[in-house]
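Input: a single structure, listed below in structure tokens.
Here is the structure:
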């Protein structure tokens, strides 16, 4: 299955929201949408389109006691070391065994499902964010590492009169190699040059600097480095 | 205040409440419960058929809202839709694990009932609901029925095939075409 076709992504997103995407395909799609911003966007659009259908049903007041059980659960979930509360004390060995078995089954299932599909065409290789703030950009590469896509996310904010530029940081004392300017909003896709591909192949990190509009003219970062993020090689 | 203003102000309130949950404000979660639990339970009961199972799922939904509140991004969509989506996805996960047998548990009366109890209720959800109602009316009867059974009742393609007596491939194509037409209509 090809995963880089907008129409296919949209069709999967619509059936996911509708509820007819089931089983392993549903779980695979859930992992995919939490990893890829552009997939999550399609899901949100379909939720916006279809969710009013759920509002046509006459409301049903929950039984008394449901809220108290919710409160109890969030209290025990928030309590620092988990084994507090009645639920957790009940037959701990059995619960642990069940949890291990469930996890094994999930991982085995996920692994088989994963192996049955081709690798995704665009993979997130770096997530750029501040120490606490929301993610600013997601950096994605195709499986052959020829195309780069940068997606501006919740934390992105334009700085008038400046551009943000992405750099590959090769190990040792080698100079950073520019991977081009980043979008202030939306996404940008570009084909990488051989030099950029080589720099990415050896780099363990990427950085973002603040530059004049259109990016540095010297081939090296000229403004402050605002972010450094690890480069995921998976 | 028009219906769509009412929907917007409910959305604004819910967005603030979800943000307050992210800051560990339990009163905010209680207020979301007061505003949304009955609407969510209606969906959960319709999909899961058994009230006890639906109320258990409702607990899971609120624990999940509490845990995921920090992930909500108000700039990227409505809080009400975000909350309803959590409930629906939970219902489908429970369906998978409980193997709810629709044909043993659903009473015939409920299945015969139209999925939507009138467009009047939708209008309280604002403009997006009015647009959906208009576009829904443009679908063929089969497309509408397929989408309703899937979305409102939580039926799989195979469930719908059994209920309607049509072949599985026909059901898939009703739904696929219905969704494509809906999208086209809503984007006009």
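Chains as they are written, first to last, in the working numbering: chain A, 826 to 1059; chain B, 1436 to 1623. Positions of the beta carbon are idealized from the N, C-alpha and C atoms, including for glycine. Source: prediction; values computed, not measured.
Using only the alpha-carbon positions, how far apart do residue 1453 of chain B and residue 1442 of chain B sit? 16 angstroms
Those residues which DSSP pairs with residue 1036 of chain A across a bridge: A:988
Are the CB atoms of residue 1585 of chain B and residue 845 of chain A within a distance shorter than 8 angstroms? yes
Considering only heavy atoms of the ligand FAD, does any lie closer than 7 angstroms to the CB of residue 861 of chain A? Summarising the ligand content, the structure contains no ligands, and the ligand FAD is consequently not present.
So residue 986 of chain A and residue 960 of chain A are in contact, right, with Cβ under 8 angstroms, and what is the actual spacing, rounded? The pair is not a contact, with the Cβ atoms about 24 angstroms apart (cut-off 8 angstroms).
Three-way DSSP call (helix, strand, coil) for residue 844 of chain A in this model: coil
Round the Cβ separation of residue 1052 of chain A and residue 953 of chain A to the nearest angstrom and send it over; I've been treating them as touching at under 8 angstroms. 5 angstroms
For residue 1012 of chain A, would you say it is in contact with chain B, using Cβ-to-Cβ distances shorter than 8 angstroms as the test? no
Round the Cβ separation of residue 1033 of chain A and residue 994 of chain A to the nearest angstrom and send it over; I've been treating them as touching at under 8 angstroms. That belief does not hold up - the Cβ atoms of residue 1033 of chain A and residue 994 of chain A are roughly 11 angstroms apart, past 8 angstroms.
Can you look up residue 970 of chain A in the DSSP assignment and give me helix, strand or coil? coil
Would DSSP call residue 1048 of chain A helix, strand or coil? coil
Going by alpha carbons, who is nearest to residue 889 of chain A out of B:1565, B:1567, B:1514, B:1473? B:1473
Does the beta carbon of residue 1510 of chain B come closer than 8 angstroms to any beta carbon on chain A? yes
Considering only C-alpha positions, which residue in the set A:950, A:963, A:1010, A:858 is nearest to residue 1376 of chain B? Because chain B spans 1436 through 1623 in this model, residue 1376 of chain B falls outside it and cannot be assessed.
Closer than 9 angstroms by beta-carbon distance: list the chain A residues that pair up with residue 1457 of chain B, in chain order. Within 9 angstroms Cβ-Cβ: nothing; residue 1457 of chain B doesn't reach chain A, min ~12 angstroms.
Report the residue from A:1028, A:1002, A:958 whose alpha carbon sits nearest the alpha carbon of residue 1047 of chain A. A:1002
Within the 8 angstroms Cβ cut-off, does residue 833 of chain A reach chain B? no
Neighbour list for residue 1501 of chain B in chain A, Cβ cutoff strictly below 7 angstroms: 899
Span separating the alpha-carbon of residue 1005 of chain A from that of residue 928 of chain A: 42 angstroms
Quick one: give me the first and last residue of the beta strand (DSSP E) that residue 1614 of chain B is part of. Unbroken run through residue 1614 of chain B is the alpha helix (DSSP H), 1603 to 1622; no beta strand (DSSP E).
Is any beta-carbon of chain B found at less than 8 angstroms from that of residue 843 of chain A? yes
Residue 1446 of chain B (DSSP reduced to helix, strand or coil): helix
For residue 882 of chain A versus residue 1587 of chain B, is the C-beta spacing smaller than 8 angstroms? yes
Let me see if you follow: with CB-CB separation under 8 angstroms, is residue 1483 of chain B close to chain A or not? no
If we define contact as Cβ-Cβ less than 8 angstroms, is residue 885 of chain A a contact residue for chain B? yes
From residue 833 of chain A to residue 1012 of chain A, what distance separates their C-alpha atoms? 19 angstroms
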